[in-house]
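Q:
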Amino acid sequence: MTGVGVQDDLADEPFEIEAVEAGAWLPGPYGPDDERGTYNEVTPQKTASALAMLDTPRPVKTYNLSETLFEGFPAVGGRVYEQTLCITGWPAPEGFDGITNERNEPIGPWHITSLEERVSTTYNMGTKINGLHHVGVNGTFYNGYKLDQIARSYGTTKLGNESQGPIVTRGVLVDVLGFKIASGGADTQQLENGEHMLEDGYRITVEDIVATLEWEKTEEVSPGDVVLIRTGWRQLISLDPDRYMQGMRPGLHLRECRYLAQFRPAIIAMDSWKFGVHRAEFGVDMLPHQELPGRYGIRVGEAVPSDELSDDKVYSFVFCFSPQNARGAVSGNCPPIALGQPAG
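Heads up, the sequence shown is in numbering that gives the first Met the number 0, so the first residue is 0 and it goes up one at a time.
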């Protein structure tokens with residue numbers, strides 16, 4: 000596949016805006032009409048190879064790679080999660096402020112009572128995989144799709160979730176936090192609950208990624224893999240939600256993103272709410288959000304927890320994800336899962 004080669008350099012220089020607006024990233028790496036980016040690397044053969052990693056006579060553990068949503072989950076930009084219980088066929092208990100159906104007695108000869116919920120949310124909060132049209136450059140997204148041409152009241156006519164489909168592929172945990180702790184604890188901090196995370200604003204380097212994979216004895220990233228980066232920042236969801244949202248997050252910057260991009264992964268995901276390092280010198284930095292999808296067709300994942308994988312020393316696993324099959328949707332927060340076999 001042409002168009003996504005090894006970079007001439009791995010510098011932090013931002014892309015040249017004039018060149019990109021003139022079409023420097025076109026056509027996309029998978030042809031001028033493509034909408035799936037590096038999901039194209041998740042072929043039936045890739046899926047078979049991922050499943051073959053499992054030693055099937057041994058037990059296989061299923062890992063939930065999603066934060067638990069709740070009302071008040073820390074989020075930005077007016078994004079909310081609202082869930083209300085609805086009771087039918089039974090009177091509401093004292094103090095209940097949810098929804099009650101007029102039929103507050105058991106229904107029919109078999110005395111039916113039921114519960115359900117009403118939910119209002121945005122797909123871009125909590126754990127999510129962002130689409131290739133989440134962030135663009137001057138109204139243009141992956142493969143040259145322009146906002147003025149694809150935006151509709153309900154969503155978009157191109158690049159929406161319905162064009163993506165589910166993926167089952169190899170996942171790779173880059174457990175930077177685990178590596179740092181095992182190496183003496185440099186660049187980490189201990190929190191009040193006894194857990195650790197990387198230092199505020201710590202920039203994960205290419206050298207950190209390479210050293211972590213060597214420490215894990217994990218084979219390098221290959222096309223179609225999903226890469227999960229562990230920083231420990233998610234501990235703040237319950238400990239300090241304001242710091243979780245506003246603090247100086249550890250993470251990747253452009254050099255590291257460009258390094259990983261040369262392997263053509265399907266997704267690169269962090270365990271913090273926003274992808275990328277947050278440091279004062281970078282300001283409000285969205286460059287990785289623009290370049291990974293716009294140039295390489297690589298999706299960005301956020302708030303994807305990986306602590307349980309780390310605890311079990313599961314560094315390579317089967318990654319499964321299917322976004323909401325919603326026409327024109329930009330992001331998906333259906334929970335990804337991993338299938339793995341703990342060491343030992």
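Ideal placement from N, C-alpha and C gives every residue a C-beta, glycine not left out. Remember, predicted model here, so these are calculated numbers, not experimental data.
(1) With residue 19 as the anchor, note down where its alpha helix (DSSP H) starts and where it stops.
(2) Going by DSSP in three states, residue 195 sits in which element: helix, strand or coil?
(3) Give the straight-line distance between the Cα atoms of residue 186 and residue 203, rounded to the nearest whole angstrom.
(4) Using C-beta distances below 6 Å, list every residue in its chain close to residue 167, excluding the 5 sequence neighbours before and after it, in chain order.
(5) Is the segment 178-198 touching the segment 137-148 in the sense that three or more CB pairs, one from each, lie closer than 8 Å?
(6) Spell out a yes or no on whether the segment 332-341 and the segment 233-240 are touching, meaning 3 or more CB-CB pairs, one atom from each, closer than 8 Å.
(7) Among all the DSSP beta bridges, which residues are the ones paired with residue 188?
(8) List, from N- to C-terminal side, the beta strand (DSSP E) runs of 3 residues or more that fit wholly inside the segment 88-148.
(9) Express the C-alpha separation of residue 128 and residue 122 in angstroms, rounding to a whole number.
(10) Going straight from the alpha carbon of residue 78 to that of residue 124, what length do you get?
(11) To which residues does DSSP link residue 83 through a beta bridge?
(12) What distance in whole Å lies between the Cβ atoms of residue 233 and residue 175, which are believed to be in contact at a cut-off of 8 Å?
(13) Taking DSSP as the reference, what is the three-state secondary structure of residue 7?
(14) Would you tell me roughly how many angstroms separate the C-alpha atoms of residue 331 and residue 259, rounded to the nearest one?
(15) Quick check on residue 336: does DSSP put it in helix, strand or coil?
(16) Ignore the nearest five residues each way along the sequence and tell me which others in residue 345's own chain have a CB closer than 7 Å to its CB.
(17) So, for residue 341: in the same chain, excluding its five sequence neighbours on each side, which residues have a beta-carbon less than 8 Å away from its beta-carbon?
(18) Can you give the beta carbon distance from residue 263 to residue 37, rounded, assuming they're within the 8 Å contact cut?
(19) Around the C-beta of residue 216, are 16 or more other C-beta atoms found within 10 angstroms, so that it is buried, or is it exposed?
(20) Between residue 250 and residue 269, how many whole angstroms is the CB-CB distance? I'm expecting something under 8 Å.
(21) What residue from 70, 256 and 33 has the CA that sits closest to residue 119's CA?
(22) Work out the CA separation of residue 224 and residue 0 for me, nearest whole Å.
(23) Give the straight-line distance between the Cα atoms of residue 253 and residue 305, rounded to the nearest whole angstrom.
(24) Examine the Cβ distances between the segment 79-91 and the segment 101-119 and report whether three or more of them are shorter than 8 Å.
(25) Locate the alpha helix (DSSP H) running through residue 203, then write down its first and last residues.
(26) Going by other Cβ atoms of all chains shown within 10 Å of its Cβ, with 16 needed for buried, is residue 73 buried or exposed?
(27) Would you report the Cα separation of residue 42 and residue 93, rounded to the nearest angstrom?
(28) For residue 131, which residues in the same chain have their Cβ closer than 7 Å to its Cβ, ignoring the five residues on either side in sequence?
(29) Between residue 62 and the rest of its own chain, which residues show a CB-CB distance below 7 Å, the 5 nearest in sequence each way excluded?
(30) Does the distance from the CB of residue 328 to the CB of residue 154 come in under 7 Å?
(31) My output table needs one value for residue 158: the three-state DSSP class, helix, strand or coil.
(32) Pick helix, strand or coil for residue 175, following the three-state DSSP scheme.
A: Let's see:
(1) Walking along the sequence shown from the start, residue 19 turns up at place 20. Membership of residue 19 in the alpha helix (DSSP H) is indicated by the continuous run 16-20.
(2) Counting from one through the sequence shown, the residue named residue 195 turns up at place 196. If DSSP states are grouped into helix, strand and coil, residue 195 belongs with the strands.
(3) The residue labelled residue 186 in the question sits at position 187 within the sequence shown. The residue labelled residue 203 in the question sits at position 204 within the sequence shown. The straight-line gap separating the alpha-carbon atoms of residue 186 and residue 203 is approximately 10 Å.
(4) Counted from its first residue, the sequence shown places residue 167 at position 168. Within the same chain, 46 and 319 come within 6 Å of residue 167 by CB-CB distance, once the 5 residues on both sides are set aside.
(5) Here the segment 137-148 makes no contact with the segment 178-198; the two share fewer than three CB pairs at distances below 8 Å.
(6) Verdict: no, contact absent.
(7) Residue 188 sits at position 189 when you count from the first residue of the sequence shown. Secondary-structure assignment with DSSP links residue 188 through a beta bridge to 196.
(8) Counting whole runs of 3 or more residues, the segment 88-148 contains the beta strand (DSSP E) stretches 113-120 and 127-129.
(9) If you number the sequence shown from 1, residue 122 lands on position 123. If you number the sequence shown from 1, residue 128 lands on position 129. Straight-line spacing of the CA atoms in residue 122 and residue 128 works out to 9 Å.
(10) Taking the sequence shown and counting its residues from 1, one reaches residue 78 at position 79. Taking the sequence shown and counting its residues from 1, one reaches residue 124 at position 125. Distance between the alpha carbons of residue 78 and residue 124: 7 Å.
(11) As a working note, residue 83 is residue 84 in the sequence shown. DSSP lists 117 as the bridge partner or partners of residue 83.
(12) Position 176 of the sequence shown, counting from 1, holds the residue named residue 175. Position 234 of the sequence shown, counting from 1, holds the residue named residue 233. Between residue 175 and residue 233, the beta carbon gap of about 14 Å keeps them out of contact (Cβ cut-off 8 Å).
(13) Here residue 7 refers to the residue found at position 8 when the sequence shown is read from its first residue. Low confidence applies to residue 7: its pLDDT is 48, below 50, so where it sits in the model is not reliable, and the reading given next is rough at best. Coil at residue 7, not helix or strand.
(14) Your numbering for residue 331 matches position 332 in the sequence shown. Your numbering for residue 259 matches position 260 in the sequence shown. If I take the Cα positions, the gap works out to 22 Å.
(15) One-based indexing of the sequence shown puts residue 336 at position 337. Strand, per DSSP.
(16) One cannot answer for residue 345 here, as it falls past the ends of the chain, which runs 0 to 343.
(17) Here residue 341 corresponds to residue number 342 of the sequence shown, with the count starting at 1. Hits under 8 Å: 60, 311, 312 and 313.
(18) As a working note, residue 263 is residue 264 in the sequence shown. As a working note, residue 37 is residue 38 in the sequence shown. Rounded, the Cβ-Cβ distance is 5 Å, consistent with contact.
(19) Start at 1 with the first residue of the sequence shown, and residue 216 comes out as number 217. Residue 216 comes out exposed.
(20) Along the sequence shown, read from residue 1 onward, the residue named residue 250 stands at position 251. Along the sequence shown, read from residue 1 onward, the residue named residue 269 stands at position 270. Indeed, because the Cβ distance is near 6 Å, the residues count as touching under 8 Å.
(21) Taking the sequence shown and counting its residues from 1, one reaches residue 119 at position 120. Answer by Cα proximity: 70.
(22) Here residue 0 corresponds to residue number 1 of the sequence shown, with the count starting at 1. Here residue 224 corresponds to residue number 225 of the sequence shown, with the count starting at 1. Its pLDDT being 31, under 50, residue 0 is placed unreliably by the model, and the measurement read from it follows with that caveat. About 16 Å.
(23) By 1-based counting over the sequence shown, the position of residue 253 is 254. By 1-based counting over the sequence shown, the position of residue 305 is 306. Cα to Cα, the separation comes out at about 23 Å.
(24) Because the criterion of three Cβ pairs below 8 Å is met, the segment 79-91 and the segment 101-119 touch.
(25) Position 204 of the sequence shown, counted from the start, is the residue given in the question as residue 203. Run containing residue 203: none; DSSP gives neither H nor E here.
(26) Working through the sequence shown from its first residue, we reach residue 73 at position 74. Burial call: buried.
(27) As a first step, residue 42 must be located in the sequence shown, where it is residue number 43. As a first step, residue 93 must be located in the sequence shown, where it is residue number 94. Whole-angstrom Cα-Cα distance: 54 Å.
(28) Taking the sequence shown and counting its residues from 1, the one referred to as residue 131 is at position 132. Within the same chain, 36, 140, 141, 158, 292, 296 and 298 come within 7 Å of residue 131 by CB-CB distance, once the 5 residues on both sides are set aside.
(29) In the sequence shown, counting from the first residue as 1, residue 62 sits at position 63. Only 307, 308, 336, 337 and 339 meet the Cβ criterion.
(30) Locating residue 328 in the sequence shown gives position 329, where the first residue counts as 1. Locating residue 154 in the sequence shown gives position 155, where the first residue counts as 1. It is a contact, given that the beta carbons lie within the stated cut-off.
(31) If you number the sequence shown from 1, residue 158 lands on position 159. Residue state, collapsed to three classes: coil.
(32) Stepping through the sequence shown from its first residue, residue 175 is reached at position 176. Here DSSP, grouped into helix, strand and coil, assigns residue 175 to helix.
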